[in-house]
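According to this note's numbering, the sequence shown holds residues 194 to 271 in order.
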Amino acid sequence: MNGKQVNGRKELSDFWNNIKDRKDFKIVVKELGGSGKYIYQTGSLTWTASGEQVTKSFMMVWKRLSNYEYKIYLTGFN
């Protein structure tokens with residue numbers, strides 16, 4: 194995350210898989226809202242890696258597909 198933009202499912206998966214010694218991963222959802230075609234979610238991620246605790250805030254926007262399932266449309270961390 195160190196300021197590098199990550200695009201697409203593969204890059205995101207590679208990013209998480211390359212964090213060495215990641216453990217104690219916790220997700221806290223602070224807010225969930227929206228309606229109809231788009232919903233949003235905010236919260237925080239906390240984990241320990243190489244003996245250091247890391248906490249990041251996140252935001253996700255989900256888009257409803259034609260089959261009424263939702264897919265992540267946009268996400269961001271800081």
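Each residue gets a CB set at the ideal place from its N, CA and C atoms; glycine is no exception.
Segment contact flag, the region 222 to 241 with the region 198 to 208, C-beta cutoff 8 Å, min 3 pairs: Cβ pair count under 8 Å is below three, so no.
Return yes when the Cβ of residue 217 is within less than 7 Å of the Cβ of residue 242, no when it is not. Translated into the one-based positions of the sequence shown, residue 242 becomes position 49. Translated into the one-based positions of the sequence shown, residue 217 becomes position 24. Pairing residue 242 with residue 217 gives a Cβ-Cβ distance that is not under 7 Å.
Alpha carbon to alpha carbon, how far is residue 199 from residue 212? As a working note, residue 199 is residue 6 in the sequence shown. As a working note, residue 212 is residue 19 in the sequence shown. In a straight line, the C-alpha of residue 199 is about 14 Å away from that of residue 212.
Contacting residues, own chain, Cβ-Cβ under 6 Å from residue 225 (five flanking each side not counted): Working through the sequence shown from its first residue, we reach residue 225 at position 32. The residues are 234.
Hey, out of 270, 263, 220 and 246, whose CA is closest to residue 232's CA? By 1-based counting over the sequence shown, the position of residue 232 is 39. Comparing Cα-Cα distances from residue 232 to each of 270, 263, 220 and 246, the minimum goes to 263.
Taking the straight line between their C-alpha atoms, what separation do you get for residue 251 and residue 270? For the purposes of this step, residue 251 is identified with residue 58 of the sequence shown, where counting begins at 1. For the purposes of this step, residue 270 is identified with residue 77 of the sequence shown, where counting begins at 1. Distance between the alpha carbons of residue 251 and residue 270: 4 Å.
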